[in-house]
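As structure tokens, the structure follows; a few thoughts come after it.
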Amino acid sequence: MMQIINGYEMGINALNRKNGEDVDNAILETVTDILAQVKVSGDAAIKRFTEKFDGKKLTNIEINQANWLKSLEILPPNLKESLQVAAKRIQDFHQLSMPKPWSSISGEYEEKIIPIETVGIYVPGGTANYPSAVLMDVIPAKVAGVPNVIVCTPDPTDAVLASAKIAGADRLFQVGGAQAIAAMAYGTESIPQVDKICGAGGTYVSAAKKMVYGDVGIDGIYGPTETLIVADSSATPSVLAADLLAQAEHDTLAIPILITDDVNLAKATIEEIYLQLPELERYEIAKESIANKALAVVLDDIGQAPDLINQFSPEHVCLILKNPENCIKGLKSAGGVFVGEYSPEVIGDYVAGPSHTMPTSGTARFSSYLGVDHFLRKMPVVRLGHEGFNKLATSAATIAREEGLTAHANAVELRLTRDSKNQGLDNE
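First residue of the sequence shown: 28, per this note's numbering; consecutive thereafter.
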């Protein structure tokens, strides 16, 4: 049964217990072995692990673009149109968020913005079909100007292949799990080595991403989805229940949380959850999530909600309040914020515009949603002339000598001495 927790302190303690799952040592050992074998054996190891874990014998690791186009052509028209609507929204949002290069008026320094050369996108599969993840992760990379975007996903459906075409991916490989991460990190005969790996996955994928970090870049480590809904008496219990169940059906470890100052609203919402739950196709998954991970936190004052949210730093925050702006002002740490009854997080999952790949497990304290910035590098360029150098040289040499770096100081002072002598000769 979904619990009701009363008060701020009890709420914080309960939320902290929900957040974070230790990875089993057996999983870490398995992932370490997978990485090592793929690094040495390449495609042969990929095929071996795919058969072992997915029960599938791979003949072709790559699915070519001709097959993507066929999948796009046979999609039901309503699904094709919906994916194209989503793609346009995602593209528009990320184009608006593109940073611009700049240079100082003096021309002494500037910042160049350069896309990463090759990016690997991981899209989970297996028990679920996620064409939306292809759009949400590939499109920001292409908007950023990444020339080579590859996708790894196990057993892709027609919708996934069609989404790769719509999003503008360059290559797609029907490989999943830790073996896909290893292939993208180290390269195989079929799968190119990438510079950065992005996208969410299960426990094995997350462990693999963490292990290959340093050999390649990663966007983050993603855990189970989290949604905190902040609601007052203006909210409708059936709507709140539907939104919480939408998160619960993702995963048995999904964390759906209601925060309110109205205990009657909390009770009515829980009642609605158990009325709606039996109608779900993923009933067993949602039932377990609600039983083990869901909470209703009843605060004395809804004004306490921002502090509670900032401490938990969830992936999603939904505000269904008479006056949401007061809450927004206090929010500092969340993956994404969805304001009002007509901005449910589910819209964010598919068509709102921002990528739905957002930081989980408290990592919103130091990271952001998967956007164009993840696919760009910023490179400063310094271009000093004689006059600009002379203004800065003495300060640079002084700091260098304080740090005991004599060669640093000499590199500056040599220029000053040389220029001083040359000036003396010019004056003779």
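For glycine and all other residues, C-beta sits at the position ideal for the given N, C-alpha and C.
The segment 153-207 contains, as complete alpha helix (DSSP H) runs of 4+ residues, the segments 158-170, 185-194 (chain order). Going by beta carbons, Asp259 and Ile329 fall inside the 7 Å limit. As DSSP reads the structure, Trp129 sits in a beta bridge with Glu138. Inter-segment contact for the segment 154-163 and the segment 130-138 is absent: fewer than three beta-carbon pairs are separated by less than 8 Å. In this structure Val178 is buried. Its beta-carbon is surrounded by 16 or more other beta-carbon atoms within 10 angstroms.
Counting along the chain, Met406 sits inside the beta strand (DSSP E) bounded by residues 403-409. Taking the C-beta atoms as reference points, Ala273 is found no nearer than 7 Å to Thr252. Secondary structure at Ala258: strand, using DSSP grouped into helix, strand and coil. Judged by DSSP in its simplified three-state form, Tyr301 adopts helix. The beta carbon of Gly244 sits closer than 8 Å to those of Ile143, Asp222, Lys223, Ile224, all from its chain and outside the five residues before and after it, given in chain order.
For Leu123 against Phe339, the beta-carbon gap comes to about 29 Å, at or over 8 Å, which does not count as contact. Listed in chain order, the non-local C-beta contacts of His435 below 7 Å within the same chain comprise Ala427, local neighbours out to five positions each way being set aside.
The DSSP-derived three-state label of Gly244 is strand. The residues Ile141, in chain order, have a CB closer than 6 Å to that of Arg404 in the same chain once the five nearest residues on each side in sequence are set aside. Val146 is positioned such that its CB atom lies no closer than 7 Å to that of Ala196. Here Ile300 is buried: its Cβ has 16 or more other Cβ atoms, across all protein chains shown, within 10 Å. For Ile101, there is no enclosing beta strand (DSSP E); the residue is part of the alpha helix (DSSP H) that begins and ends at 92-101.
By DSSP's assignment, Tyr149 forms a beta bridge with Cys179. DSSP, reduced to helix, strand and coil, places Ile282 within a strand of the structure shown.
By the neighbour-count criterion, in which a residue is buried when 16 or more other Cβ atoms sit within 10 angstroms of its Cβ, Phe393 is exposed. The beta carbons of Ile248 and Ser233 sit closer together than 7 Å. Every unbroken stretch of the alpha helix (DSSP H) spanning 4 or more residues and falling wholly within the segment 350-386 is given here in chain order: 351-357, 372-377. The closest CA to that of Ser360, considering only Ser388, Pro103, Tyr149, Ala268, is found on Ser388.
Within 10 angstroms of the beta-carbon of Val112 lie fewer than 16 other beta-carbons, which makes it exposed. By the beta-carbon neighbour count (other beta carbons within 10 angstroms, threshold 16), Thr254 is buried. Within a 10 Å sphere around the beta-carbon of Gln30 sit fewer than 16 other beta-carbons, which makes this residue exposed. At the C-beta level, Val364 and His121 stay beyond 7 Å of one another.
Look at His121 here: in three-state DSSP terms it is helix.
7 Å or more divides the Cβ of Asp376 from the Cβ of Thr215. Contact check for Val65 and Ala155: beta-carbon distance about 24 Å, past the 8 Å limit, so the pair fails to qualify. Look at Ala268 here: in three-state DSSP terms it is helix. Going by DSSP, Ile31 is part of no alpha helix (DSSP H) but of the beta strand (DSSP E) stretching over 30-33. Of the residues assessed, His413 falls on the exposed side of the cut-off, its CB having fewer than 16 other CB atoms within 10 angstroms.
When beta bridges are read from the DSSP output, Val221 appears opposite no residue. Beyond the five residues adjoining it in sequence on each side, Asn337 comes within less than 6 Å, by CB distance, of Lys359, Ser360 in the same chain, given in chain order. Here Ile336 is not bridged, per DSSP, to any residue.
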